[in-house]
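Colleague: Attaching a single structure in C-alpha cells format; questions to follow.
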Amino acid sequence: MTPGKPRSLLMPSYWFGDVTGGKCTPAGSTDPEYLSRRLEGIRTEMESFCPPAWEAARDCGFVCSRGEYIRVLRELCIFRAEKALGLVAARPEQELIQMVHMRDQLDEAINLVTGRALEWHAARSPEFSRKFHALKGKRALEILLETGSPRVRGIATGMMHLSEIRADLTREIEQTAGEVIPNCTGLVGGIVAARLLAAAGGLEALARLPAGTIQVLGARTALFAHIRSGSSPPKHGIIYQYRGVHGAQKGRRGKVSRTLAAKIALAARIDYFRGERDEGFLDNARAAVERAAGGPGT
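The sequence shown begins at 144 in this note's numbering and counts up by one.
Right, here's the structure in full:
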C-alpha cells in the first residue's frame, strides 16, 4: 500500500488516515480497537467516518482493494456496536427494565396456569363449574388448595410459590426505581415509573420523549386502531395504572393524563441530568395533577 494523492479529502483527519500538505498518511493499523480510538478522537461530521468513495482509503495507502476496505470497515462497525451495547447494558436502569419484564411474565404465567387449573378442577367437580369464572388471584389458588385433586393442589402450590416470588420482586422494583428514577417514582410510584422506563427503552430515551408520547406510552394497540380505522385516539397508556388517573372522574381523565404526562416528562429529565430527588418539584407536580382532577385550588 503506497500513499498517493487523496481524492476529495477536505478534512485533516479520517478514520483511515491523516491528510498533511496534500498527502494522506494511512492509519498505523487495521485493528478495530485502534481504529475505534482513532475515530473517537476525530471531532468532525459523519463524512470523516464514511468518505465519499472507498478509493479515498486506497489512494491513502490504507487498503489495496474494495473487498479489504469493506472487511476492515465491517470489523470496525461491529466493534463499535458491541462497545455501545456494552455501555447501554451497564446502565443501572437496564436491570430495572429486566425486573419489570420478569414481573410481567410472572403475571402471565400465574394467570394462565391458574386459569387452566380452575378449568381442570371444574371438569372434575361439575358443581364448581358455575362459579369458578369469578375467581381470580390468590383466592382462586386457595380454593384449589382446599378442594382440588392431589395433582391440581400440587399445581396450585407451585403458583402460590410464584406469587410469593412476584411479591418479593415487586418490592425490589419499588426500591430500585426509587434509586434509579427517584422523581418519576415519587410522582407515580415505582411500578408505574418502571413500566414507563421499560416501554421507553431506558432513562435517556424517556427523558427525550415529549409529554404527548409519554401520555399514550403503552397504548400501542389503541393507537394503531386509531390510525387504521379512525377510532377515538387513546387518552392514556401506562399512566392509567396510576391511581390519580384511573380514580379520576371520567370527564377529567384526559386532562389529568395530559397534566401528569407533562410532569413525568420533567421528572424524567431531572432524573437523567441530576439523578437526585427534588421535593419542591414533586410537591408542585402533585398539586398540579390534583388541580387537574378537580381537587383543591381548581
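From the three backbone atoms N, C-alpha and C, an ideal C-beta is built for every residue, glycine too. Remember, predicted model here, so these are calculated numbers, not experimental data.
Identify the residues that DSSP records as bridge partners of aspartate 442: which are they?
Modeller: Past the boundaries of the shown model lies residue 442; the chain is included only from 144 to 441, so the question cannot be answered.
Colleague: Quick one: grab the DSSP three-state call for tyrosine 157.
Modeller: Taking the sequence shown and counting its residues from 1, the one referred to as residue 157 is at position 14. Here tyrosine 157 sits in strand by DSSP.
Colleague: I'd like to know whether the C-beta atoms of leucine 261 and alanine 283 end up nearer to each other than 8 Å.
Modeller: Translated into positions along the sequence shown, residue 261 becomes position 118. Translated into positions along the sequence shown, residue 283 becomes position 140. Going by C-beta atoms, leucine 261 is nearer than 8 Å to alanine 283.
Colleague: Since isoleucine 316 and arginine 246 are thought to touch, with beta carbons under 8 Å apart, how far apart are those beta carbons, to the nearest angstrom?
Modeller: Within the sequence shown, numbered from 1, the residue matching residue 316 stands at position 173. Within the sequence shown, numbered from 1, the residue matching residue 246 stands at position 103. Going by Cβ atoms, the distance from isoleucine 316 to arginine 246 rounds to 6 Å, so yes, they are a contact pair.
Colleague: Which partner residues does lysine 166 have in the DSSP bridge list?
Modeller: The residue you call residue 166 lines up with position 23 of the sequence shown. Thr163, per the DSSP bridge assignment.
Colleague: Over what stretch of residues does the alpha helix (DSSP H) that includes arginine 338 continue unbroken?
Modeller: Numbered from its first residue, the sequence shown carries residue 338 at position 195. That run of the alpha helix (DSSP H) goes 333 to 343.
Colleague: Could you spell out where the alpha helix (DSSP H) holding proline 269 opens and where it closes?
Modeller: Position 126 of the sequence shown, counted from the start, is the residue given in the question as residue 269. Run containing proline 269: none; DSSP gives neither H nor E here.
Colleague: Is there contact between the segment 392 to 400 and the segment 409 to 422, where contact requires at least three CB pairs shorter than 8 Å?
Modeller: Flag = no, the segment 392 to 400 and the segment 409 to 422 do not touch.
Colleague: On the CB-based measure, 16 or more other CB atoms within 10 Å of its CB, does isoleucine 370 come out buried or exposed?
Modeller: As a first step, residue 370 is located in the sequence shown; it is residue number 227 there, counting from the start. Per the 10 Å Cβ criterion, exposed.
Colleague: In three-state terms, what does DSSP make of alanine 124?
Modeller: It is not possible to answer for residue 124, since the shown part of the chain is limited to 144 through 441.
Colleague: Would you kindly report the start and end of the unbroken alpha helix (DSSP H) that includes valine 399?
Modeller: The residue you call residue 399 lines up with position 256 of the sequence shown. Run containing valine 399: 396 to 416, per the alpha helix (DSSP H) assignment.
Colleague: How far does the alpha helix (DSSP H) with aspartate 311 in it reach, from first residue to last?
Modeller: Here residue 311 is taken as the residue at index 168 of the sequence shown, counted from 1. Segment 293 to 323, the alpha helix (DSSP H) holding aspartate 311.
Colleague: For a quick check, are the C-beta atoms of glycine 361 and alanine 342 less than 8 Å apart?
Modeller: What you label residue 361 is simply residue 218 of the sequence shown in a count that begins at 1. What you label residue 342 is simply residue 199 of the sequence shown in a count that begins at 1. Yes, these two residues count as a Cβ contact at 8 Å.
Colleague: What separation, rounded to the nearest whole angstrom, lies between the Cα atoms of methionine 302 and methionine 242?
Modeller: For the purposes of this step, residue 302 is taken as the residue at position 159 of the sequence shown. For the purposes of this step, residue 242 is taken as the residue at position 99 of the sequence shown. Rounded to whole angstroms, methionine 302 to methionine 242 spans 19 Å at the Cα level.
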